[in-house]
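As structure tokens, the structure follows; a few thoughts come after it.
Number of protein chains: 6
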Amino acid sequence: MRILENVRGRDAYIIQTTVFPANDSFMELLFYVDALKRASAASVTAVIPYFSYAKGDKKDEPRVSIRARVCANCLEAAGIDRVITVDLHAPQIQGFFSKPVDNLTAGPILVDRLRREGLRDIVIVSADAGFAKDARRFASYLGAPVAIADKRRVAHDDSAEVLGILGDVAGKVAVIVDDFAISCKTLVGNAGHLRAMGATEVYAAITHGVFSVDAAQRLDDSAIKKLFVTDTIETHPVALSKRVETVSVAELLGEAIRRIHRGESVSRIFDWRDPRV
Amino acid sequence: MRILENVRGRDAYIIQTTVFPANDSFMELLFYVDALKRASAASVTAVIPYFSYAKGDKKDEPRVSIRARVCANCLEAAGIDRVITVDLHAPQIQGFFSKPVDNLTAGPILVDRLRREGLRDIVIVSADAGFAKDARRFASYLGAPVAIADKRRVAHDDSAEVLGILGDVAGKVAVIVDDFAISCKTLVGNAGHLRAMGATEVYAAITHGVFSVDAAQRLDDSAIKKLFVTDTIETHPVALSKRVETVSVAELLGEAIRRIHRGESVSRIFDWRDPRV
Amino acid sequence: MRILENVRGRDAYIIQTTVFPANDSFMELLFYVDALKRASAASVTAVIPYFSYAKGDKKDEPRVSIRARVCANCLEAAGIDRVITVDLHAPQIQGFFSKPVDNLTAGPILVDRLRREGLRDIVIVSADAGFAKDARRFASYLGAPVAIADKRRVAHDDSAEVLGILGDVAGKVAVIVDDFAISCKTLVGNAGHLRAMGATEVYAAITHGVFSVDAAQRLDDSAIKKLFVTDTIETHPVALSKRVETVSVAELLGEAIRRIHRGESVSRIFDWRDPRV
Amino acid sequence: MRILENVRGRDAYIIQTTVFPANDSFMELLFYVDALKRASAASVTAVIPYFSYAKGDKKDEPRVSIRARVCANCLEAAGIDRVITVDLHAPQIQGFFSKPVDNLTAGPILVDRLRREGLRDIVIVSADAGFAKDARRFASYLGAPVAIADKRRVAHDDSAEVLGILGDVAGKVAVIVDDFAISCKTLVGNAGHLRAMGATEVYAAITHGVFSVDAAQRLDDSAIKKLFVTDTIETHPVALSKRVETVSVAELLGEAIRRIHRGESVSRIFDWRDPRV
Amino acid sequence: MRILENVRGRDAYIIQTTVFPANDSFMELLFYVDALKRASAASVTAVIPYFSYAKGDKKDEPRVSIRARVCANCLEAAGIDRVITVDLHAPQIQGFFSKPVDNLTAGPILVDRLRREGLRDIVIVSADAGFAKDARRFASYLGAPVAIADKRRVAHDDSAEVLGILGDVAGKVAVIVDDFAISCKTLVGNAGHLRAMGATEVYAAITHGVFSVDAAQRLDDSAIKKLFVTDTIETHPVALSKRVETVSVAELLGEAIRRIHRGESVSRIFDWRDPRV
Amino acid sequence: MRILENVRGRDAYIIQTTVFPANDSFMELLFYVDALKRASAASVTAVIPYFSYAKGDKKDEPRVSIRARVCANCLEAAGIDRVITVDLHAPQIQGFFSKPVDNLTAGPILVDRLRREGLRDIVIVSADAGFAKDARRFASYLGAPVAIADKRRVAHDDSAEVLGILGDVAGKVAVIVDDFAISCKTLVGNAGHLRAMGATEVYAAITHGVFSVDAAQRLDDSAIKKLFVTDTIETHPVALSKRVETVSVAELLGEAIRRIHRGESVSRIFDWRDPRV
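Heads up: the sequence lines are chains A, B, C, D, E and F, in that order. FYI, in our numbering the residues of the first sequence are 26 to 302. FYI, in our numbering the residues of the second sequence are 26 to 302. FYI, in our numbering the residues of the third sequence are 26 to 302. FYI, in our numbering the residues of the fourth sequence are 26 to 302. FYI, in our numbering the residues of the fifth sequence are 26 to 302. FYI, in our numbering the residues of the sixth sequence are 26 to 302.
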């Protein structure tokens, strides 16, 4: 691992998503940052489309690690000057860093793709109460109502029992939204439940498609007609389900880098807070 | 401001809530921590029942401060070794600190008080989608269903338009739960909405009663029958509404300090994750 | 609190004096610094005309805080790159910061104002032995002798008993100089003493007019004919005494910012060490 | 990943070697350290029998990372208080840490095993000029002369061309010593060379047997009669060659932990500098 | 340089004054602190009777170093946990450290020695306006009036022109007090001046006798009858003047260490603030 | 000590070798770095031709300091942004710094000087096993074989017993190479040994000629015909032996500074890894 070009006095941008495999990618990123700083780069910006440790963002049980903070510390110890990332699991993770974090959102890209699908009479379903605020944004942009899956975690792993749907979905096209999916169990469970409650069709739109080995089969067998996902993760070790359609965040990242480099405002592109604009 | 007793080699616990007034209380806390460290205290634990900067925990708009991280940095720069607090607005704030944070919860105390009220056929209403996971815990302990207020923030201040209630509340006693209340506008708005949707009575239970000057009148005029709140804030500049009833976290904090000092597990008392226990 | 303009890559200067009220102003400053750094400002210079924590600069009693160091730590933790201030209570406070501090002096501005007053046969009186070195500079510039008030602090608060004047003042116009005044008790006490020892008139010149609520009345009733003070503090909650005349440091600060921004020497404007120049 | 026992106020020792797989083991170690610190452990000692990043200890080419320093930073950022390890590739790596590092040596254990083998008329052969100082210690303890393999690295990977042996080996039993082996190419090349120069038999003794997949076959086909290696690495993904014999460092590590815990000197057990003792 | 005893888990106290020679002593101190920390000492207290960099405590000219802060940083980077020192040139230097500093004072020891001298009708003369507050304490304890030497520095080196004495000294025994003396030029100049102004005899009492090579001759030729100085500096490269009498701070330091080690208050012994006690 | 020119916003390069005397030079360097940073220099590069603490780079005995790390910490605490140095005793020392270190090598300069000497049939002799890798580079460039002095340290000071030479030297011109020499005992001992083993002539080439007082006589009396040394140290307190010839690294350092300042690659000039170029 060695940087082949002279970087002395240059502003460096390293693009590295942190799967697959997560730890190897992350350590490699740390070593590249260190190499760039020791080679006297003027600044180093880590562009991490998917920050895989973001789920470990709190002590929700006794004696666990806050993994995202550990990783933030490691990146800052290695010498990063800025982070660009997409749809952190919790926006608070920006506060784990001392350096500026530009947390872009793929929301408008997914909204745009959904619009082009031409669906009518839709309801936005938040896959999880924790995502309800973001679901509300999807709903505002698409002029649709919101429903929330009332999920209760019953064990310490990623599986979770779905208890019900709060809100009205009968006779509507349900679009489940979330920030990421791994096994797709929750997504598929929600989809079945939505159909049982009278939803006419079920779509889904998520930012990060991490996808475990068994996810493809599970999606193929599910009530989900189409799952829109961005390309923040490209290196899947297995083929994706044919129901998955990828939309790209490449332009979003490219525009962010261009604006940072020129000293222009980035908030213009990551701010979708006001649906009336 | 001076510490009158010799503290050399002692483990010091400073109890200071960060209102009213917030900034004076916080700076005073910093100066006491510094004084204790310079006086060679073996360790300094800041006991902050209400950490008032916790709402500033993310960059949800361009060019704002992550105030809770700034304050965490200040406390650590002053020399704290540990923080004990109650019901942080977001559990991720623990990750803003490098030092251990024991984030206690007043949930079981409020649940206990609600049980003693003898209410029947209740529904737990989360005042906000962001609080829905906690509301689910109240519901599990009380054997009740959950509903969620679908709030949309329409301006950059604390006021927020309430859009509706997701979930079934007709014919039930609604108990709104949240982590804190200031103006009580949202609480009162939700209460009116719940009655309009058929709730027979409306109660509320929150941890931190910050209460602005106009809150008392608003509560007195509202559909809320009783508001249970803990005493994490004692120094209210104005009299509280008569509908407010205070339950104490003093024993909870005392027990936490006792356990920390004896090297016993604190998780036993802050862990209410499994409702079957 | 939000920064409305794009600051990415810009050098930001925040001007904030730390009274009235002290803690609110200081915390606000910290939050603005953090907001600027997280918004990717190239550098942040805090311009603090009056640094109100400067009196807490040492452990002069057991178990007290060194408040100025705590505040320096907080500012650096928040991300400042430089501080510009005026007449710190002790020049050592520069050493509480790791970042460069430009400690400007209002001395030449006050000397200039005194010269225009056309006083004759004056003696410069240091209000306090700790200010005697600075008093010597006033005296050198004005070609006058020096006297020193021999003050002994008799309690732990700001009040202090005046014991006498060291040096010859009979038949002269006494000009008391100091860095700041709050209650004006010492100033007024010294003035009375000077008149009793034969001074024909008493003037005073100080940099920071903090002025407590009762200061105006005390000055109006005193032997002080005129008190010259700079505008490092503008937001007094009460009206000042009519004997107070304000001279402005605005040009001094503006010139310092201009020079810093252009990479020119600032020492030219804050260096008044050699009276013969 | 969660610590099941209460650790508040306890001194914790985590034993984790950093292969196989290296990065997963290392990140897991970081997360455990963080979990222990946030659970208020009094101190955390990382016991790392084989520190796999130790080869990346310098910038020997332009624009490369000093990986061992990056990893030291990460461990200290996560919160370690002390490191115990065995035979670091360079003793300077202790200086990458601010915290105390006890760098134990397996040398006396390997010397002891060699003695029990009853070999006569031996010569200690340093596999590499960089290991010659350590080889000299083996030789002093065993009362044997030293020879040095004059290796020249010809490419940027781990392979290396062997140029010759400096020193007299004809008619002797050669014992090659080194700190670690991966592919065993150098070891096997040296062994062949030693036989060609008249060595009657070839043995080898190394501390860390990392062993790549093809190492077993290479050793089986080589002139090496027996390779003694310690168990600092236990989790080999493939079976080892039958010519490999493992000696244990378990007692060494146990004794070090015991002495650290009791506040006794550890240098007694890691100091083999004076062969006459 | 090596520590011969096992220090694992022990509280270490290193006593090292920082002259003669200053830089060698200081670097040696840093290396010992590092050695102790890497040898797992539980804590390291640097006992520095004379902290020679204390004069470099501010930027009193453009582009100079704040040397005392640099040295504080070095000591903290090396790993000290606490500093014990005597009569810092400015008490603000405590704030250059993050760690606790116990700034003892030799004042009461010198007062006690002066009392035993049986002098009558004395006046305490501060050698410098900057020392006037301390001179006031000597005066209060001895029931004597105060005078202040009005010194003006005329060049950038340590020499200084004496302008006069503020206060009444005619017919009295003058006792000049200061924190340290190097060339004794100021001291001797003041003494001559005091005699010229009618003082009957001149004594002096200082804490730190740094004494340059030419100081002895200068004192022998002066109007100073006796100079009391403590033994904070023992390693003078040349013989002292016979007019110098040394009083010891050994008991003071010993008592401070004993109290720190037992967790007792140290302020009792360094606090001479209230002369009525 | 004061910087006379305005440096605000400039990139400063301080050239200071760290002998003679070592500690005074080093502390002076720290104070200059601090002065430059506080004077708002944009960056400070310490150019240290000979970093004299580099030998203290590991804990090779119990309870010793890693002096080079302590000094790296001090330099970084004072505020350096980059270090330029020549032939560090161990390349790992780069990892003691967080900031970039450009470790230049004088090897090609010495090789060039040796070539111009026109020696024939030479053998490169590494003065120490630890320098064997570098000796190999000299040999590759000069097309010569390598021999290694098998040195065993027998006491804790710098003296060392020479045991023998590994490799063939009979009938050849021996050129001893090393990174530095102080007393020249080892060098002279090796030279005698080489002549006894049949070397026809002995030369030596080292980077850093530290040279103790007795070194000149020792060299004059030795078998060494000529000792080539660079001028990384200029301030020798005594005259050098006439057998010493100095070659300059001034152009090397100048070129490095020029390239750093222009943002060009420095590795071009310090990289002599591939002898075929």
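The C-beta atom is built at its ideal place from N, Cα and C for all residues, glycine as well. Note that the coordinates shown come from a computational prediction; the quantities given were computed from them, not determined experimentally.
Short of 8 Å Cβ to Cβ, which residues in the segment 78-102 of chain A face chain F?
Taken residue by residue, none of the segment 78-102 of chain A has a beta-carbon sitting less than 8 Å from a beta-carbon on chain F.
Among I249/C, G223/C, A152/C and G189/C, which residue has its Cα nearest to the Cα of V170/E?
What sits at residue 170/E in the sequence shown is Pro, not Val. Comparing Cα-Cα distances from P170/E to each of I249/C, G223/C, A152/C and G189/C, the minimum goes to G189/C.
List the residues of chain B whose Cβ lies closer than 9 Å to the Cβ of L129/A, in chain order.
In chain order: nothing, as chain B lies at least about 12 Å away.
Three-state class that DSSP yields for E142/C in the structure shown:
Collapsing the DSSP output to three states places E142/C in a helix.
Determine, for E16/B, whether the minimum Cβ-Cβ distance to residues of chain D falls below 8 Å.
Nothing about residue 16/B can be read from this structure; chain B reaches only from 26 to 302.
Using beta carbons (cut-off 8 Å, strictly below), is D175/D in contact with chain F?
Chain F places a beta carbon closer than 8 Å to that of D175/D, counting this residue as a contact.
Just the chain E side, please: which residues come within less than 7 Å of P116/D by C-beta, in chain order?
Going along chain E, no residue has its Cβ under 7 Å from P116/D, so there is no contact; the nearest lies around 12 Å.
Can you tell me the Cα-Cα spacing of L191/D and P74/F, whole angstroms?
When the Cα atoms are used, L191/D and P74/F turn out to be separated by approximately 33 Å.
Contact with chain F by R33/A, beta-carbon distance below 8 Å:
True, the Cβ-Cβ gap to chain F drops below 8 Å.
When Cβ atoms are compared, which residues of the segment 141-166 of chain F fall closer than 7 Å to chain D?
Listed by position, the residues of the segment 141-166 of chain F near chain D (Cβ gap below 7 Å) are A154, G155, A157, K158 and R161.
Since A172/F contacts V148/F with CB under 8 Å, what's their CB separation in whole angstroms?
About 6 Å separates the Cβ atoms of A172/F and V148/F, confirming a contact at the 8 Å cut-off.
Starting from V234/E, trace the beta strand (DSSP E) both ways and give me its first and last residue.
Correcting the residue type first, residue 234/E is Gly in the shown sequence and not Val. DSSP places G234/E in the uninterrupted beta strand (DSSP E) bounded by E226 to G234.
When you compare the CB of R63/B with every CB in chain E, is at least one pair closer than 8 Å?
Chain E, which has a Cβ nearer than 8 Å to the Cβ of R63/B, makes this yes.
Which two residues bound the contiguous alpha helix (DSSP H) that contains A169/B?
Judged by DSSP secondary structure, A169/B falls outside any alpha helix (DSSP H); it is assigned neither H nor E.
Please list the terminal residues of the continuous alpha helix (DSSP H) segment that includes R88/C.
Segment: none, R88/C is in no alpha helix (DSSP H) and carries neither H nor E.
Nearest to L29/A by CA position, among E259/D, S90/D and I207/D, is which residue?
The residue with the shortest Cα to Cα distance from L29/A is S90/D.
Under a CB-based cut-off of 8 Å, is D59/E close to chain F?
Yes, its Cβ sits closer than 8 Å to a Cβ of chain F.
Measuring straight from C-alpha to C-alpha, what distance separates N31/B and K84/C?
Each residue's alpha carbon lies about 15 Å from the other.
Please decide whether I39/E counts as near chain B, where near means a Cβ-Cβ distance under 8 Å.
At a cut-off of 8 Å, the C-beta of I39/E has no neighbouring C-beta in chain B.
For the structure I just gave you, are there three or more beta carbon pairs, one from the segment 240-255 of chain F and one from the segment 211-224 of chain F, closer than 8 Å?
The segment 240-255 of chain F, when compared against the segment 211-224 of chain F, does touch it at the 8 Å Cβ threshold.
Which one of V136/E, A47/E and R63/E has the shortest CA to CA distance from V272/E?
Of all alpha-carbon atoms in V136/E, A47/E and R63/E, the one lying nearest the alpha-carbon of V272/E is that of V136/E.
In chain order, which beta strand (DSSP E) runs of at least 3 residues are fully inside the segment 187-272 of chain F?
You should have 198-206, 226-234, 249-255 and 269-272.
Quick check: the Cα distance between I285/B and D256/A, rounded to an integer number of angstroms?
Roughly 47 Å between the two C-alpha positions.
Could you check whether G155/A and A195/A sit closer than 8 Å to each other, using their CB atoms as the reference points?
For A195/A and G155/A, no; Cβs fall outside 8 Å.
Would you call the segment 58-65 of chain A and the segment 87-101 of chain B touching, i.e. three or more CB-CB distances under 8 Å?
Taking 8 Å as the limit for Cβ pairs, the verdict is that the segment 87-101 of chain B does not touch the segment 58-65 of chain A.
Taking buried to mean at least 16 other C-beta atoms within 10 Å of its own C-beta, is R162/E buried or exposed?
Burial call: buried.
Between which residues of its own chain and V126/C is the CB-CB distance below 6 Å, once the five residues before and five after are set aside?
Excluding its 5 nearest sequence neighbours in each direction, V126/C has C-beta neighbours in its own chain below 6 Å: V108 and Q119, listed in chain order.
Just reading off the beta strand (DSSP E) that I40/F is part of, what are its end residues?
Note, I40/F: beta strand (DSSP E), D36 to I40.
Does any C-beta atom of chain B lie closer than 8 Å to the C-beta of K55/C?
Here the sequence assigns Leu to residue 55/C, which means Lys is not the residue at that position. It does; some Cβ of chain B falls within 8 Å.
Tell me, please, whether the CB atom of Q242/C is closer than 8 Å to any CB atom in chain E?
Residue-level contact check: Q242/C does not touch chain E, since none of the beta carbons of chain E fall below 8 Å from its beta carbon.
Please classify K158/B: does DSSP put it in a helix, a strand, or coil?
Helix, per DSSP.
Presumed contact (8 Å Cβ cut-off) between A174/B and S208/B, rounded CB distance:
Contact between A174/B and S208/B is ruled out by a C-beta separation of about 16 Å, above the 8 Å threshold.
Is the Cβ-Cβ distance between M26/B and F51/B less than 8 Å?
Taking the C-beta atoms as reference points, F51/B is found no nearer than 8 Å to M26/B.
Comparing C-alpha positions only, which one of D112/F, P46/F and E86/F sits nearest to T232/F?
When only C-alpha atoms are compared, the closest one is D112/F.
Secondary structure of I285/A, DSSP reduced to three states
Three-state result, I285/A: helix.
What does the Cβ neighbour count give for T70/A, buried or exposed, with the cut at 16 atoms within 10 Å?
Within 10 angstroms of the beta-carbon of T70/A lie 16 or more other beta-carbons, which makes it buried.
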